[in-house]
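Report on one structure; see the data block that follows.
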Amino acid sequence: MVSRTEEMILNVGPQHPSTHGVFRLVVHLDGELITKAEPVIGYLHRGTEKLAEDLQYTQIIPYTDRMDYLSAMTNNYVICHAVETMMGIQVPERADYLRVIAMELGRVASHLVWWGTYLLDLGATSPFIYMFREREMIINMLNELSGGRLTFNYMRVGGVKWDAPEGWIQKVREFIPYMREQIKGYHTLVTGNEIFVNRVTGIGKYTKEDAINYSLSGPNLRCTGVKWDLRKDEPYSIYDRFDFDVITHEGGDALARYHVRTQEIEESLKILEQAVEQFPEEGQILAKVPKIIKAPKGEAFVRIESPRGEIGCYISSDGKKEPYRLKFRRPSFYNLQILPKLLEGENIANMIAILGAIDIVLGEVDG
Amino acid sequence: MLGTGLAKGLKYTLKQLTREKVTYDYPNEPLPLPDRFRGIQKFYPEKCIVCNQCANICPTDCIQLTGKKHPDPTKKGKIIDTYDINFEICILCDLCTEVCPTEAIIMTNNFELAEFSRDMLFKNLEWLDENDENIRQVNKP
């Protein structure tokens, strides 16, 4: 008798803890091998871009918090930066420093979530708990600064809402050496673990050309050896004042992405260290802006480096207080597009390990 | 050698056992929150000048208010009649307190909004007036 394998269709998600939100994946299986994978997105679509057409520029800021909710500060920044570019507003220095400190703290927190949850996906529970402990410290700091734990609504067109509270900068200063010490601990716990390294080496591999052709950005691009970081290559805000390295790795696999992200935390700490050192004693936190913000007629596109890649904001304005059209280039959405290609021919056991390494946030994918 | 990394990791985990706890006994103990925390609003009807700015800036249109003529005919302006916030859609973004010229609406540290019925999330003037615990001390930057 001839044995025959029938194709099996397996539905993963949308309610699956390892899909990091409401992401659905339909995988066609031949035995244990994936023959085809179809991502289904849109379960968290709220139509931010359409809603924004009826909102004043200040009102859009809380909506951006809800896109990439793991690093809302960068989202706050990109919309403010776009409007400031259109209106030609010069942001006060103190506000710029507060923005950079907040964004870099957000980047560390975001990478810690990825680090913890990725290991959780692979079956290691304790690193997740440790990393969330340190992330909680960052979130408490940002809570003190902005009044929100995740949805900060901190930045305004022309500056920031709040000045740093008493002793806050000192808290950030003390946090940096503490975090460095903790990262060393994590490396002993995770990076030195043979099981983990063997598990992720060589999976989800793609080349430099593929990464560029699929418009990948952020750690997903830098893991193939492309040195591209907007903080360095197209400095915005005051990033040109800081000395830090752009981390790249050559592998292009999940392990390379892991190394890029973990080392980026250390680079962010370097930026934070310099920012708190250079932090101006006094100064304005909000530039002189009209009470009702009206971007002049025309259009603008700005892009910045979020923890997940290039986040861009396009505004087309007809001179009213609401944008005519607003578009966000959401990095998670672009990064996710390579997933079907990566999964094809892979073992089903590697599916979550590959998906996790891309680091998507569904609030951002669906927009 | 295979396994040394595992042993080192286990050592790290064991070391963490002696560390101080970072969790709170939350429902039994109140959660420590900073002054700036954005919780359910407190409303002062006597301070309100019915300027409608909070309702206009609200990104989700969750504030509804009406005013009436001042009962004292010698005084100009309006006083507040009804003031409702729908917490089904309020995102606690703090913009209403930011624009209020008289600080009639300010944030508190109270965040427990869970109710058994959706209707209960519709808070009126009296409820918001009585919500006067853990009020934010410094409201304007």
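From first to last, the protein sequence lines are chains A and B. By full-length UniProt numbering, the letter at position 115 of the first sequence is numbered 115, and the numbering carries on one by one without gaps. By full-length UniProt numbering, the letter at position 78 of the second sequence is numbered 78, and the numbering carries on one by one without gaps. The beta-carbon is built from N, C-alpha and C at its ideal position, and this holds for glycine as well.
Is residue i close to chain A, meaning its C-beta is less than 8 Å from at least one C-beta of that chain?
| i | result |
| --- | --- |
| Val-50 of chain B | no |
| Leu-24 of chain B | The sequence as given places Tyr at residue 24 of chain B; Leu does not occur at that position. No, Tyr-24 of chain B does not count as interfacial toward chain A. |
| Thr-18 of chain B | no |
| Lys-8 of chain B | yes |
| Asp-132 of chain B | no |
| residue 198 of chain B | No statement about residue 198 of chain B is possible, as the shown extent of chain B runs from 1 to 141 and does not include it. |
| Cys-96 of chain B | no |
| Ile-63 of chain B | no |
| Cys-93 of chain B | yes |
| Tyr-83 of chain B | no |
Any idea what DSSP makes of residue i, helix, strand or coil?
| i | result |
| --- | --- |
| Glu-299 of chain A | strand |
| Asp-81 of chain B | strand |
| Leu-31 of chain B | coil |
| Pro-14 of chain A | coil |
| Ile-354 of chain A | helix |
| Gln-41 of chain B | strand |
| Leu-17 of chain B | coil |
| Ala-275 of chain A | helix |
| residue 152 of chain B | Nothing about residue 152 of chain B can be read from this structure; chain B reaches only from 1 to 141. |
| Phe-328 of chain A | strand |
| Asn-347 of chain A | strand |
| His-202 of chain A | Residue 202 of chain A is actually Gly in this sequence, not His. Coil at Gly-202 of chain A, not helix or strand. |
| Arg-107 of chain A | helix |
| Val-99 of chain B | helix |
| Cys-90 of chain B | coil |
| Leu-122 of chain A | coil |
| Tyr-12 of chain B | helix |
| Arg-149 of chain A | coil |
| Tyr-239 of chain A | helix |
| Val-113 of chain A | helix |
| Ser-268 of chain A | helix |
Starting from residue i and walking both ways along the alpha helix (DSSP H), at which residues does that stretch end?
| i | result |
| --- | --- |
| His-140 of chain A | Note that residue 140 of chain A is Asn in the sequence shown here, rather than His. 126-146 is the span of the alpha helix (DSSP H), which, as asked, contains Asn-140 of chain A. |
| Gly-363 of chain A | 362-366 |
| Pro-219 of chain A | 219-222 |
| Val-182 of chain A | In the sequence on display, residue 182 of chain A carries Gln and not Val. First-last of the alpha helix (DSSP H) with Gln-182 of chain A: 168-186. |
| Ile-63 of chain B | Counting along the chain, Ile-63 of chain B falls outside any alpha helix (DSSP H), though it belongs to the beta strand (DSSP E) covering 63-69. |
| Asn-76 of chain A | 72-87 |
| Asn-56 of chain B | 53-57 |
| Asp-233 of chain A | 230-233 |
| Leu-127 of chain B | In the sequence as displayed, the identity of residue 127 of chain B is Trp instead of Leu. Note, Trp-127 of chain B: alpha helix (DSSP H), 125-130. |
| Asp-210 of chain A | 208-213 |
| Asn-60 of chain B | The amino acid at residue 60 of chain B is misidentified as Asn; the sequence shows Thr. Where Thr-60 of chain B is concerned, there is no enclosing alpha helix (DSSP H), given that its DSSP letter is neither H nor E. |
| Glu-49 of chain A | 48-52 |
Give the range of the beta strand (DSSP E) segment to which residue i is assigned.
| i | result |
| --- | --- |
| Arg-66 of chain A | Looking at the DSSP string, Arg-66 of chain A is not in any beta strand (DSSP E), and its letter there is neither H nor E. |
| Gly-319 of chain A | First-last for Gly-319 of chain A: undefined, no H or E at that position. |
| His-28 of chain A | 24-30 |
| residue 377 of chain A | This structure leaves residue 377 of chain A out entirely; chain A is present only between 1 and 367. |
| Met-107 of chain B | 105-107 |
Could one say the Cβ of residue i lies closer than 8 Å to chain B's Cβ atoms, at least one of them?
| i | result |
| --- | --- |
| Tyr-69 of chain A | no |
| His-136 of chain A | The question names His, but residue 136 of chain A in the sequence shown is Glu. Yes, contact with chain B. |
| Gly-363 of chain A | no |
| Tyr-130 of chain A | yes |
| Ile-360 of chain A | no |
| Ser-110 of chain A | no |
| Ser-3 of chain A | no |
| Arg-133 of chain A | yes |
| Ile-285 of chain A | yes |
| Ser-126 of chain A | yes |
Original post:
Mind listing which residues of the stretch 153-167 of chain A have their C-beta closer than 7 Å to chain B's C-betas, in chain order?
Top reply: Asn-153, Lys-161, Trp-162 and Asp-163
Original post:
In chain order, what residues of the stretch 26-56 of chain B put their CB closer than 7 Å to some CB of chain A?
Top reply: Pro-34, Arg-36, Phe-37 and Arg-38
Original post:
Which residues, in order along the stretch 41-63 of chain A, keep a beta-carbon less than 9 Å from a beta-carbon of chain B?
Top reply: Leu-51, Leu-55, Gln-56, Thr-58, Gln-59, Ile-60, Ile-61, Pro-62 and Tyr-63
Original post:
Is the stretch 89-97 of chain B touching the stretch 50-61 of chain B in the sense that three or more CB pairs, one from each, lie closer than 8 Å?
Top reply: yes
Original post:
So, do the stretch 240-259 of chain A and the stretch 200-220 of chain A have three or more beta carbon pairs nearer to each other than 8 Å?
Top reply: yes
Subject >> the stretch 123-135 of chain A contacting the stretch 282-300 of chain A, beta-carbon criterion three pairs below 8 Å >> reply: no
Original post:
If you pair each beta-carbon of the stretch 47-55 of chain A with each one of the stretch 315-324 of chain A, do three or more pairs fall below 8 Å?
Top reply: yes
**OP:** Compile a chain-ordered list of the residues in the stretch 183-217 of chain A whose CB is closer than 9 Å to at least one CB of chain B.
**Re:** Gly-185, Tyr-186, Thr-188, Leu-189, Val-190, Thr-191, Gly-192, Asn-193, Glu-194, Ile-195, Phe-196 and Val-197
Subject >> Selection of the stretch 65-81 of chain B by Cβ proximity to chain A, strictly under 8 Å >> reply: none
**OP:** Below 9 Å between beta carbons is the criterion; list the residues of the stretch 103-122 of chain B that meet it against any residue of chain A, in chain order.
**Re:** Met-107
Subject >> Validate contact between the stretch 327-345 of chain A and the stretch 211-231 of chain A using beta carbons, cut 8 Å, 3 pairs >> reply: yes
Subject >> Cβ-based contacts, 9 Å cut-off: residues of the stretch 139-150 of chain A near chain B >> reply: Asn-140, Asn-143, Glu-144, Leu-145, Ser-146, Gly-147, Gly-148 and Arg-149
**OP:** Determine, using beta-carbon pairs with one atom in the stretch 271-278 of chain A and one in the stretch 234-245 of chain A, whether at least three such pairs fall under 8 Å.
**Re:** yes
**OP:** Taking only beta carbons into account, state which residues of the UniProt domain "NADH-quinone oxidoreductase subunit D" (293-366) of chain A come closer than 9 Å to chain B, listed in chain order.
**Re:** none
Subject >> Interfacial residues, the stretch 226-254 of chain A to chain B, with Cβ spacing under 7 Å >> reply: none
**OP:** Output, in sequence order along the chain, the residues in the stretch 91-106 of chain A whose CB is closer than 7 Å to any CB in chain B.
**Re:** none
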